[in-house]
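Inspection log for the structure reproduced underneath, given as structure tokens.
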Amino acid sequence: MKHFYKLATVLLSASALLAAPACADQPEQYIPVLSYRVGPFAANGASMFSGLIDYLNLTNAKGGINGVRITFEECETEYNTSRGVECYERLKDRQGGASVIETGSTGIAYALLDRLPQDKLPMTTMGYGRADAADGRVFPWVFPLISTYWSQAAAMVEYMAQQSGGMDRLKGKTIVDLYHDSAYGKESFPVLDHYAKEIGFNLIKIAIPAPGIEQQAQWLQIRQAKPDYVILWGFGVMNAAAMKAAARVGYPREKMIGSWWAGSEVDTVPAGDAAKGYLSMTFTAPGSFPVLEDIKGTLYDRGKGNLSGDAKFGSVSHVRGIVIGILMTEAIRAAQQKYGIGRPVTAEQVRWGYEHLVLDEKRLGEIGALGLIPPMKTSCADHEGSGAAMVQEWDGTNFIPKSKGWVAGDRALVRKLAEQSAAQYAADKNITPRDCGKED
């Protein structure tokens, strides 16, 4: 297995580097790709990292970033923390040094937290990881872009309030939080606990031990509680099992709202008819967008796409990877605007770019992503940039938008919680927060 792992890594690296040939004298910007195409979460990982590579190849096909070509090397982590750290250490100094890291794994991301300041290397954690990393004063090298878990939970409550006729109408209602019994599954607790106390709804927390295939006892409890809504904060096989269990006890799927890691085709397709009407959060909108058509025409119609096997073009996971690529290239582009257009930039300069992202409707339209993600703007203090999410519905074949545009919860509450948690982290780690007033 060890030899296979090394061979697979080499082959994937070679295929990635051969995907977009470069002129000998073209400047280059290097990005390691810590992917997981095998292992328990390969179905999500393969599509997501193919999406990232597709966007990088699209960028190169259009001449790079102001003439700077993106090079990348892929290393297989199998979603395993120790292998992820090994890949990081192996690739971070190659080709003049890495520009940015994106692992797609909470465990690997946590393991790298203390290494990033030493290596002066930014890491993005789009839609996962520490929610308090949104406070860039304490976490200068981590970027939980678009929306954190806490922002997601706040948006869930906001959507339920909208459907009920206002936040005050949630008073007296019963909401079940059916969660994966892990640190990830408990991420929503601070936000949901606050809302339950402030508004006065009955919050029932029900744990599902991993892997989550057996849920009979939990759904018996849900049937007895007769909740107005069920939040499914799930992961992996637990999600389809929950939809099937809901169907068996007659609980309406349109009253179930999954987290975004319970909101992809990998979750709904295995549930069959039981998934129809199911709702979930998402930070990338479903549907067709010009950037997807551009990738299809430039790469896939010419046999150069990165997806393989039964993976679906434009799936939720595939699009998430494309968005990771968009944010990477936009951060590098922003850094070039300050440090030199048409020249490779350092990892520290890329961090500056991530802290100066301005993806308004105008810019999103220019790159073919208007409506795909919410408009966002980052800063030294705000490494999240938006905090909005969308509710999508599974119609039996595809995800379709359910909410009227992007939904954001109580941003002041989420920021307060993030700052409090970040301050405690800084105290525990003996970190002096940055003075963003002195940053350019």
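Just so we're aligned, residue 15 is where the sequence shown starts under this note's numbering, counting upward by one.
Every residue gets a Cβ at the ideal spot worked out from N, C-alpha and C, and that includes glycine.
Computed from a predicted structure; not experimentally measured.
Check	Outcome
Helix, strand or coil: which one does DSSP assign to residue 209?	helix
Where residue 262 and residue 280 are concerned, what is the direct C-alpha to C-alpha distance, given to the nearest angstrom?	21 angstroms
Short check: CB of residue 298 to CB of residue 359, under 7 angstroms?	no
Using the Cα positions of residue 288 and residue 254, report the straight-line distance between them to the nearest angstrom.	8 angstroms
Below 8 angstroms on the Cβ atoms is my guess for residue 165 versus residue 398; work out the distance and round it to an integer in Å.	7 angstroms
What residues match up with residue 272 in a beta bridge as DSSP calls it?	246 and 294
Do residue 61 and residue 331 come within 7 angstroms of each other at the CB atom, strictly closer than that value?	yes
State the start and end residues of the unbroken beta strand (DSSP E) segment that holds residue 86.	83 to 90
Report the rounded CA-to-CA distance for residue 71 versus residue 122, giving the unit in angstroms.	25 angstroms
Applying the 10 Å Cβ sphere with the 16-neighbour rule, what's the burial state of residue 416?	buried
Using the Cα positions of residue 25 and residue 268, report the straight-line distance between them to the nearest angstrom.	Note that residue 25 has pLDDT 40, beneath the 50 cutoff, so the model's placement of it is unreliable and the number below is only indicative. The straight-line gap from Cα to Cα measures roughly 44 angstroms.
Could you check where the alpha helix (DSSP H) with residue 221 kicks off and where it finishes?	No alpha helix (DSSP H) contains residue 221, which is instead part of the beta strand (DSSP E) from 216 to 222.
Using C-beta distances below 7 angstroms, list every residue in its chain close to residue 92, excluding the 5 sequence neighbours before and after it, in chain order.	50, 52 and 53
Quick check on residue 413: does DSSP put it in helix, strand or coil?	strand
Write down the C-beta distance between residue 163 and residue 148 rounded to the nearest angstrom, noting that I regard them as a contact closer than 8 angstroms.	Not confirmed; about 10 angstroms, so no contact.
May I ask you to report which of helix, strand or coil DSSP gives residue 50?	coil
List the endpoints of the continuous alpha helix (DSSP H) containing residue 397.	No alpha helix (DSSP H) contains residue 397, which DSSP labels as neither H nor E.
By alpha-carbon positions, which one of 271, 106 and 78 ends up nearest to residue 47?	106
Thinking just about the alpha-carbon of each residue, which of 169, 136 and 260 is nearest to the one in residue 192?	260
Quick one: using the 10 Å Cβ neighbour count with 16 as the cut-off for buried, is residue 311 buried or exposed?	exposed
What residue from 225, 276 and 187 has the CA that sits closest to residue 239's CA?	187
Suppose you measure from the CA of residue 157 to the CA of residue 124; what does that come to, to the nearest Å?	13 angstroms
DSSP on residue 34, reduced to helix/strand/coil?	Caution applies to residue 34, whose pLDDT of 43 falls short of 50 and renders its modelled position unreliable; the model cannot decide the point.
Could you check which residue in 352, 227, 55 and 130 has the C-alpha nearest to that of residue 113?	130
Could you give the residue range of the beta strand (DSSP E) that holds residue 191?	188 to 194
Got a sec? Which residues, its chain only, sit under 6 angstroms from residue 236 by beta carbon, not counting five neighbours each side?	190
Quick one: grab the DSSP three-state call for residue 406.	strand
Using the three-state DSSP reduction, which class does residue 181 fall into: helix, strand or coil?	helix
Residue 43 bridges to which residues according to DSSP?	84
Can you give, in chain order, each stretch of the alpha helix (DSSP H) that sits fully within the segment 314 to 376 and has at least 4 residues?	330 to 353 and 361 to 368
Residue 448 and residue 41: beta carbons closer than 7 angstroms?	no
Please work out which residues of its chain come closer than 7 angstroms, Cβ to Cβ, to residue 57, disregarding the five sequence neighbours upstream and downstream, and give them in chain order.	280
What does the alpha-carbon distance come out to for the pair residue 201 and residue 275?	12 angstroms
Rank 65, 185, 324 and 394 by C-alpha distance to the C-alpha of residue 450 and give the top, closest one.	394
Would you decide whether residue 286 is buried or exposed? Buried here means 16 or more other CB atoms lie within 10 Å of its CB.	exposed
Using 8 angstroms as the Cβ pair cut-off and three pairs as the minimum, do the segment 409 to 427 and the segment 169 to 186 touch?	yes
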